[in-house]
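Under my numbering, the sequence shown is numbered contiguously, ending at residue 283.
Note that beta-carbon positions come from the ideal geometry of N, C-alpha and C, so glycine has one too.
Note that this is a predicted model, so its numbers are computed, not measured.
All remarks here apply to the structure that follows.
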Amino acid sequence: MLSQALGADLVVPALVFLRVGAMLAMLPGFSAAYVPVQIRLLLALAISILVAPVVGAKLPAAMNEGSMLLLVINEGLVGLYLGTLARIIVSALHGAGSLTATFASLANALTNDPVAEQQSATLAGFFSLFGLLAVFVTDLHHLMLQAIVASYDVLPAGDALPAGDLAGTTARLVADSFLLALQLAAPFFVVGVGYQFALGLMSRLMPQLSVFFVGIPLQVGLQMWVITLTISGIVLVFLNQFSQLMAALALPPT
30 MLSQALGADL VVPALVFLRV GAMLAMLPGF SAAYVPVQIR LLLALAISIL VAPVVGAKLP
90 AAMNEGSMLL LVINEGLVGL YLGTLARIIV SALHGAGSLT ATFASLANAL TNDPVAEQQS
150 ATLAGFFSLF GLLAVFVTDL HHLMLQAIVA SYDVLPAGDA LPAGDLAGTT ARLVADSFLL
210 ALQLAAPFFV VGVGYQFALG LMSRLMPQLS VFFVGIPLQV GLQMWVITLT ISGIVLVFLN
270 QFSQLMAALA LPPT
């Protein structure tokens, strides 16, 4: 049994480590490739040691080998699920940046996104990195860590996972994240549509004007100007939504 292999005193921290480690493997910022694996491992161990005394009473008592194996798998799946929820929320910034890049004619200006860990539009990477930095600066990442403790009330260890409820929560969160991305990119959409309308009107009034030669540089410059005016508001709106969604996970049900 696991208790015999690790010792009775290490069973609870080991089970907590499964959920914490799996969650940190998916949490934005903590799971980034530029964070050394040793740092992530030490952080997961430290959090597990701190959380174990708090949630130790909520873990099931002595179990046989089959039940313990199911518990190990269950804890890993719960951690991956919670980390994925946080990643879905942060993906709203990536979506907003991609939409903004399209409106600014910069969708083909690709670079490596350190948050999404893939090649994407430069503005998408900028929005994601700037928003994630704001999350850590404002200490909202504490809500992610609090969600670990609260998860033992929502998804108790040893209980069967409510697949239907988890799927419904994920679907709603994806919809909310997509809606948030549209809201964050709304100023650029309005400016882009207005600019295209004005450019089309100008081409009608001045047929000899080279629209593509003149229009694209002006479009890029105009959207960059809009970014300087709205970036603070965009980050504040995102932080507000992020705090609300994460608080729903971090606060245990009453």
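Per DSSP, residue i forms a beta bridge with which residues?
i	result
Ala150	Leu139
What would DSSP say about residue i, mapped onto helix, strand or coil?
i	result
Leu228	helix
Gln33	Low local confidence applies: a pLDDT of 48 at Gln33 is under 50, so the model's placement there is unreliable, with the coordinate-based value given in what follows. In this structure, Gln33 counts as helix in the three-state DSSP scheme.
Val249	helix
Phe267	helix
Thr113	helix
Thr167	coil
Ser134	coil
Gln175	helix
Ser272	helix
Gln237	coil
Tyr181	helix
Val83	helix
Pro89	coil
Pro65	coil
Ala189	coil
Ala43	helix
Ser120	helix
Phe59	coil
Report yes if the CB atom of residue i is closer than 8 Å to the CB atom of residue j, and no otherwise.
i	j	result
Gly112	Ala51	yes
Gly95	Arg48	no
Ser60	Ile117	no
Gly187	Val264	no
Leu209	Ala121	yes
Ala150	Leu139	yes
Leu79	Leu44	no
Leu114	Leu190	no
Leu228	Val240	yes
Ser134	Gln270	no
Phe132	Phe217	yes
Ser127	Ala86	no
Gly244	Phe165	no
Tyr110	Leu169	no
Asn137	Gln148	no
Ala81	Pro42	yes
Leu172	Ala276	yes
Ala204	Leu278	no
Take the Cβ of residue i as the centre, count every other Cβ of all protein chains shown within 10 Å, and call the residue buried at 16 or more, exposed below.
i	result
Ala200	exposed
Ile102	exposed
Phe267	buried
Gln33	For Gln33, the predicted model reports a pLDDT of 48, less than 50, meaning its position is unreliable and no value from the coordinates is stated.
Ala214	buried
Ser77	buried
Val220	buried
Gln252	buried
For residue i, decide whether its Cβ has a neighbour in chain B, counting only Cβ atoms nearer than 8 Å.
i	result
Thr199	Of the protein chains in this structure there is only one, and it is not chain B.
Practice problem: Would you be able to state if there are at least three C-beta pairs under 8 Å between the region 68-75 and the region 176-183? | Solution: no
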